[in-house]
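Q: For reference, each letter of the sequence shown is one residue, going 3 to 359 in our numbering. Ideal Cβ positions, reconstructed from N, Cα and C, are used throughout, including at glycine. As the structure is a prediction and not an experimental result, all values here were calculated from the model.
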Amino acid sequence: MRAGEEVRSGQEAGTAGGIACVGNFIVDRIHTLSYWPEQGSLAHILHQDMGVGGGAANVVTDLASLGFKGRLSVAGAVGGDRDGVYVRDRHAALGIDVSGLRILDGQATAHTHVMNVPGQSRTFFYHGGSNDLLTDDLIDPTAFAASGHRIFYLGYLMLLPALDRKDASGTSGAARLLEAAREAGLTTCVDFVSSEDPAFADQVAVALPHCDYVIVNETEAGRATGVVVRDKSGTLLSAVEEAGRRLLDGGVAKGVVIHAPELSIWLSPDKVPVVTPAIAVDPAHWRYGYPVWISADGVNLAGARASYQGLVMALDTGSAIRGPVRADLYMGRGEAAGEEAGAVRHPLRMWRLVPRP
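1. Excluding sequence positions up to five away, which residues of its chain have a Cβ less than 7 Å from the Cβ of residue 199?
2. Using the Cβ count rule (16 or more neighbours within 10 Å means buried), how would you classify residue 117?
3. With distances taken Cα to Cα, identify the nearest neighbour of residue 74 among 269, 277 and 149.
4. Grab the span of the beta strand (DSSP E) containing residue 106 for me, first residue to last.
5. Residue 88 by DSSP, collapsed to three states: which one?
6. What does a CB cutoff of less than 7 Å around residue 270 pick up in its chain, not counting 5 residues either side in sequence?
7. Could you spell out where the alpha helix (DSSP H) holding residue 163 opens and where it closes?
8. Distance, Cα to Cα, residue 144 vs residue 272?
9. So residue 279 is in the beta strand (DSSP E); what residue range does that whole segment cover?
10. From residue 155 to residue 42, what does the alpha carbon distance come to, in whole angstroms?
11. Would you kindly report the start and end of the unbroken beta strand (DSSP E) that includes residue 159?
12. Return the CA-CA distance between residue 119 and residue 83, expressed in angstroms with no decimal places.
13. What residue range is occupied by the uninterrupted alpha helix (DSSP H) comprising residue 231?
14. State the beta-bridge partners of residue 73 as determined by DSSP.
15. In terms of DSSP beta bridges, what is residue 174 paired with?
16. Have a look at residue 254 and residue 135 and give me their C-alpha separation to the nearest angstrom.
17. Here's the rule: buried if 16 or more other CB atoms are within 10 angstroms of the residue's CB, otherwise exposed. What is residue 230?
18. Evaluate residue 21 with the Cβ neighbour count: other Cβ atoms within 10 Å of its Cβ, from every protein chain shown; 16 or more gives buried, anything less gives exposed.
19. For the pair the stretch 23-41 and the stretch 49-66, tell me if three or more CB-CB distances fall below 8 Å.
20. How is the beta strand (DSSP E) around residue 266 delimited, first residue to last?
21. Look up residue 137 in the DSSP assignment and say whether it is helix, strand or coil.
22. At which residues does the beta strand (DSSP E) containing residue 114 begin and terminate?
23. How many whole angstroms separate the CB atoms of residue 201 and residue 223, which I take to be in contact at a CB cut-off of 8 Å?
24. By alpha-carbon positions, which one of 69, 50, 72 and 76 ends up nearest to residue 24?
25. For residue 248, report the span of its alpha helix (DSSP H) as first-last.
26. Here's a check: name, in chain order, each residue in its chain whose Cβ is nearer than 8 Å to the Cβ of residue 110, leaving out the five neighbours to either side.
27. Is the distance from the Cβ of residue 137 to the Cβ of residue 127 below 8 Å?
28. Report, in whole angstroms, the separation of the C-beta atoms of residue 141 and residue 179, which I expect to be a contact under 8 Å.
29. Tell me the rounded alpha-carbon separation between residue 280 and residue 157.
30. Can you tell me which of the three DSSP states residue 80 falls into?
In structure tokens, the structure reads:
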């Protein structure tokens with residue numbers, strides 16, 4: 003959630019169930035650079051923005067922006083610093099219950115410096131801070147169940163060291179937390195991060211038997227199961243489905259969703275997988291990308307235009323970018339692009355323009 007992206011404030015808690023989002027809460031400082039410098043060189047920062055990210059933060063703010071009618075609550079750890087106040091205030095402004103965010107005095111709130119050059123992939127410099135100290139004894143799933151919540155989301159595993167780490171008994175804080183959530187009657191949903199930690203599969207395995215749903219990308223599915231999902235050329239292999247089945251065999255109770263640039267797969271026990279291909283952009287016909295009409299209303303967002311409409315070209319970056327990326331809109335070049343990125347802070351409605359057969 004970037005600064006200025008609030009869709010509404012003071013949302014009243016609904017009564018139709020609820021979702022508790024637990025895990026990473028990270029302050030993102032996004033720097034748009036003039037170019038990526040060589041070591042020892044200088045580059046200009048054209049624009050700076052600030053927002054809140056992390057698995058739990060992204061999910062809960064998206065739900066709030068979409069107008070979810072039930073309760074929305076968060077649980078995690080922030081530092082006793084200005085960033086911690088910022089995280090709490092940003093969520094509270096959307097009507098999200100922040101009472102589950104523990105303040106760890108003397109610790110820094112987790113934060114990331116995101117270095118972005120328009121048209122290129124982003125580079126991330128991350129400090130785990132309070133996130134690294136989040137343990138299962140700081141979170142009480144029974145309290146969420148008692149207040150009417152039904153779903154317990156945990157993300158990201160493999161970016162929460164104190165929860166990921168296996169102990170002498172062979173279990174982990176994440177496994178205990180998810181087990182407690184299910185015993186309280188909550189449905190558990192888990193997301194991973196694309197870590198290259200050699201202990202990835204071992205640490206994830208102990209949590210799988212306590213997961214109702216797992217939602218991961220193809221890289222994470224491969225690392226969690228040991229299945230090779232892409233060949234040396236980067237082509238997605240049909241073995242990605244086997245990776246999903248192994249996650250089910252590892253104990254996931256209800257469903258595994260694997261998303262990749264090329265497709266998504268939903269696998270459930272004893273059911274035929276549901277495969278949805280991505281819309282491909284044929285460079286022979288769409289050299290500059292896929293045409294998209296956008297319509298945006300800034301309402302009263304600070305720094306945003308009153309409205310924005312226009313035709314843009316959505317580039318096919320599936321072969322160039324792996325893993326989650328932000329959806330930013332850049333119009334123009336150089337400093338103009340940075341200024342545009344700062345002014346267009348809107349919830350967008352998008353229409354894909356499909357050519358007639």
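A: Let me lay it out:
1. If we look at residue 199 and ignore the five residues flanking it on each side, its Cβ neighbours are 160.
2. Burial is judged here by how many other beta carbons sit within 10 angstroms of a residue's own beta carbon; residue 117 has at least 16 and is buried.
3. Checked all of 269, 277 and 149; the closest Cα to residue 74 is 149.
4. Where residue 106 is concerned, the enclosing beta strand (DSSP E) stretches over 99-106.
5. The answer is helix: DSSP assigns residue 88 an H, G or I state.
6. Here residue 270 has 256 and 257 as same chain residues with Cβ atoms under 7 Å from its own Cβ, once five neighbours each way along the sequence are excluded.
7. It spans 163-166 - the alpha helix (DSSP H) in which residue 163 sits, taken as one unbroken run.
8. Roughly 31 Å between the two C-alpha positions.
9. Residues 276-279.
10. CA-to-CA, the gap between residue 155 and residue 42 works out to about 43 Å.
11. For residue 159, the enclosing beta strand (DSSP E) stretches over residues 153-159.
12. Spanning the two alpha carbons is a distance of roughly 29 Å.
13. Following the DSSP letters along the chain, one finds residue 231 in no alpha helix (DSSP H), marked with neither H nor E.
14. DSSP output for residue 73 lists 20 as bridge partner(s).
15. Paired residues: 168.
16. About 26 Å.
17. Per the 10 Å Cβ criterion, exposed.
18. Buried, because 16 or more other Cβ atoms sit within 10 Å of the Cβ of residue 21.
19. Judged by Cβ distances under 8 Å, the stretch 23-41 makes contact with the stretch 49-66, as three or more pairs qualify.
20. Following the DSSP letters along the chain, one finds residue 266 inside the beta strand (DSSP E) bounded by residues 265-269.
21. Three-state result, residue 137: coil.
22. Per DSSP, the continuous beta strand (DSSP E) segment holding residue 114 begins and ends at 113-118.
23. Rounded, the Cβ-Cβ distance is 17 Å, inconsistent with contact.
24. With distances taken between Cα atoms, residue 24 lies closest to 76.
25. Residue 248 -> alpha helix (DSSP H) spans 241-251.
26. Counting only Cβ-Cβ distances below 8 Å, and skipping sequence neighbours, we find 81, 83, 85, 129, 131 and 132.
27. No, Cβ-Cβ distance for residue 137 and residue 127 is not below 8 Å.
28. Confirmed, about 6 Å.
29. Answer to the nearest angstrom: the Cα atoms are 25 Å apart.
30. Strand.
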